[in-house]
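J.:
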Amino acid sequence: MDEAQLYALMRPRKVCICRSVSETEIRDCIRSGRASNFSELQAETRCSTGCGTCESRVRTIMNDELSKLASSDSSG
Ligand code: FES
267 MDEAQLYALM RPRKVCICRS VSETEIRDCI RSGRASNFSE LQAETRCSTG
317 CGTCESRVRT IMNDELSKLA SSDSSG
């Protein structure tokens with residue numbers, strides 16, 4: 267493990283500050299099938315239900331994870 271990876275582990279970044287939701291939580295929620303769109307993700311994690319400034323980041327992460335899921339589906 268290099269230094270950058272160590273820092274990443276030590277300081278889990280919150281994507282949504284208001285609701286204290288991390289990128290990992292968002293990705294896990296989608297990967298596990300609990301959410302497949304933005305409103306489901308909000309309902310599950312409560313992310314982006316406060317000030318709303320995190321919305322574009324949340325959507326970017328969500329879309330990234332959804333496209334990973336879609337590509338692993340079609341290859342399996
Ligand atoms: S930072 Fe996510 S709602 Fe405010």
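Here the sequence shown is numbered in this note's numbering, starting from 267 and rising by one per residue.
Glycine included, every Cβ here is placed at the ideal spot set by N, Cα and C.
Predicted, not measured: the structure shown is a model, and the values here were computed from it.
Buried or exposed: which applies to Cys317, given that a residue is buried once 16 or more other Cβ atoms fall within 10 Å of its Cβ?
T.: One-based indexing of the sequence shown puts residue 317 at position 51. Counting Cβ neighbours within 10 Å, Cys317 comes out exposed, since fewer than 16 surround it.
J.: Could you check if Cys317 belongs to the surroundings of ligand 1, using beta carbon to heavy atom distance under 7 Å?
T.: For the purposes of this step, residue 317 is taken as the residue at position 51 of the sequence shown. Cys317 Cβ: within cutoff of ligand 1.
J.: Which complete alpha helix (DSSP H) runs does the stretch 280-307 hold, if anything under 4 residues is left out?
T.: Here the runs fully enclosed are 289-297.
J.: Please state whether DSSP places Arg325 in a helix, a strand or coil.
T.: Working through the sequence shown from its first residue, we reach residue 325 at position 59. Helix, per DSSP.
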